[in-house]
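Chemist: 0 is the number of the first residue of the sequence shown in numbering that gives the first Met the number 0; add one for each residue after it. No residue lacks a Cβ here, since even glycine has one placed at the ideal position from N, Cα and C. Take a look at this one; I'll ask things after.
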Amino acid sequence: MLGRTSREKILKTRTDCDLNKYRCLNCKTDFSSIKTLHCHMLSKHSENRLYYLCPLCETTFVQSWSVRRHLLKVHKLSKEETVSLKINTKSTLESSMSQQKSQTERAAISKLADFQGLKCLRCSRDFSTPANLRKHVAGHLGLKRFWCRLCNYKSFNRSECQNHVKRIHSAHSPEKYIEHKGQFIHEITKM
Numbered sequence: 000m001l002g003r004t005s006r007e008k009i010l011k012t013r014t015d016c017d018l019n020k021y022r023c024l025n026c027k028t029d030f031s032s033i034k035t036l037h038c039h040m041l042s043k044h045s046e047n048r049l050y051y052l053c054p055l056c057e058t059t060f061v062q063s064w065s066v067r068r069h070l071l072k073v074h075k076l077s078k079e080e081t082v083s084l085k086i087n088t089k090s091t092l093e094s095s096m097s098q099q100k101s102q103t104e105r106a107a108i109s110k111l112a113d114f115q116g117l118k119c120l121r122c123s124r125d126f127s128t129p130a131n132l133r134k135h136v137a138g139h140l141g142l143k144r145f146w147c148r149l150c151n152y153k154s155f156n157r158s159e160c161q162n163h164v165k166r167i168h169s170a171h172s173p174e175k176y177i178e179h180k181g182q183f184i185h186e187i188t189k190m
């Protein structure tokens with residue numbers, strides 16, 4: 000957690016905010032404290048943006064508390080269930096363009112997936128977990144995120160790519176042969 004002086008030092012390096020008035024010069028918005036101005040500048044006006052993922056549907060949020068609110072309202076979980084998920088709201092830095100691309104891909108996945116009923120809307124197949132449903136729908140869409148550096152193999156999940164490297168290339172340390180693409184790679188696949 001950053002203290003007041005750390006936030007102040009970070010904001011002093013920027014030319015798009017007024018520290019005396021706690022004002023964002025990009026969108027002409029005033030804030031009540033350094034903390035809120037700092038949060039706004041990071042979430043709205045940074046090349047690398049901080050965001051948090053919902054553990055069930057991977058919707059992104061700027062604030063960690065928004066994930067809890069989303070789980071309560073959208074996924075209809077109780078407060079106890081959100082705590083039991085141990086919401087690991089890992090913050091991730093991602094470039095604005097890459098984040099926009101990821102959100103587009105997530106939106107495409109959401110159109111083909113019923114995360115409440117855990118059902119694929121294209122082929123009506125049922126799933127036991129949101130992750131399995133997401134992986135399946137990504138297959139329908141031809142989305143790939145991980146590449147094998149030794150051949151042309153691509154997959155949506157890291158574990159599939161690791162298994163490929165171990166099985167096909169007999170590599171003991173598969174991770175060094177896997178490349179993660181920040182953006183999804185489209186391929187035409189039939190399922």
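Nearest to S154 by alpha carbon, out of G138, K78, K110 and N25?
Modeler: Nearest C-alpha to S154: G138.
Chemist: Within its chain, find whatever has a CB closer than 8 Å to the CB of F30; leave out the 5 residues flanking it on each side and keep chain order.
Modeler: If we look at F30 and ignore the five residues flanking it on each side, its Cβ neighbours are Y21, R22, C23, L36 and H39.
Chemist: So the beta strand (DSSP E) L142 belongs to, where does it begin and stop?
Modeler: From DSSP, the beta strand (DSSP E) with L142 extends over L142 to C147.
Chemist: Tell me which residues share the same chain as D125 and place their Cβ nearer than 7 Å to its Cβ, disregarding the 5 neighbours each side in the sequence.
Modeler: L117 and K118.
Chemist: Report the three-state DSSP secondary structure of S45 (helix, strand or coil).
Modeler: Three-state DSSP puts S45 in coil, outside helix and strand.
Chemist: Any idea what DSSP makes of F152, helix, strand or coil?
Modeler: Reading the sequence as shown, one finds Tyr at residue 152 and not Phe. Three-state DSSP puts Y152 in coil, outside helix and strand.
Chemist: In chain order, what residues of the same chain have a beta carbon less than 7 Å from the beta carbon of C53, not counting five sequence neighbours either side?
Modeler: Same-chain partners within the cutoff: V66, H69 and L70.
Chemist: Name the two residues that bound the continuous alpha helix (DSSP H) containing C160.
Modeler: R157 to H168 is the extent of the alpha helix (DSSP H) around C160.
Chemist: What does the alpha-carbon distance come out to for the pair E7 and Y51?
Modeler: Straight-line Cα distance between these residues: approximately 23 Å.
Chemist: Could you tell me the boundaries of the alpha helix (DSSP H) in which L70 lies?
Modeler: It spans S63 to K72 - the alpha helix (DSSP H) in which L70 sits, taken as one unbroken run.
Chemist: With H, G and I counted as helix, E and B as strand and the rest as coil, what does DSSP make of K8?
Modeler: Three-state result, K8: helix.
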